[in-house]
Structure formats: C-alpha cells, structure tokens
Ligand SMILES: [Zn+2]
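In the numbering used here, the protein residues as written are 30 to 120.
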C-alpha cells in the first residue's frame, strides 16, 4: 500500500459535524487536521492539545488490608484488629 504522504497520527476523527451534526465527514486538504462536512459544506479542524492537570489529586486508595482494618476499627471490632504495623501474611 502506498500513501501520497505519511498518515498524521494526531488527526482525530470526529463523529459528527460540530455545526450541523451531520455525519457525512471527509478529510480535507485545507490543513493536516481539516474535515469537510458534506451536509453544510463547512471545513473545520479537530485537534487534541493534551490533558490538563486535575485541580485536586485524589488520595491514594488504601490497600485491601488497610481498608479492612479501618472498617473493623470503625465498627468497634477490636477483638480482631491486628497489631499496628502488621503488613499481612499469616506465616
Ligand atoms: Zn455540517
């Protein structure tokens, strides 16, 4: 298979025209990112610029053992609580 030019890996494929919601979209030679809507004849681009950092980072999830121990502590099951610092393993 030969291509006239190398494929653009950053070209996104829109499902619908952002102006008329038409689905008859074709790549356009206007730019590397351009699409032409066959229904409203508009030529537009779709670009992905990256992902922004989250405003707040969620706390790391506790391990299953830590979550179990916290739940036992919360519900007053002191008899089955393990020693603090015990990291599991029944050997
Ligand atoms: Zn359109």
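From the three backbone atoms N, C-alpha and C, an ideal C-beta is built for every residue, glycine too.
Using the beta-carbon count (16 or more within 10 Å), is residue i buried or exposed?
i, result
"residue 69", "exposed"
"residue 49", "exposed"
Opposite residue i in the DSSP bridges: which residues?
i, result
"residue 63", "74"
Which of the three DSSP states is assigned to residue i in this structure?
i, result
"residue 120", "Residue confidence for residue 120 is low, a pLDDT of 46 falling below 50, so the modelled location carries little weight; the figure read from the coordinates is stated next. Reduced to three states, the DSSP call for residue 120 is coil."
"residue 37", "coil"
"residue 54", "strand"
"residue 83", "coil"
"residue 111", "coil"
Report yes if the C-beta of residue i is less than 6 Å from at least one heavy atom of ligand 1; otherwise report no.
i, result
"residue 52", "no"
"residue 55", "no"
"residue 74", "no"
Is the stretch 77 to 92 close to the stretch 101 to 109, with three or more CB pairs under 8 Å? no
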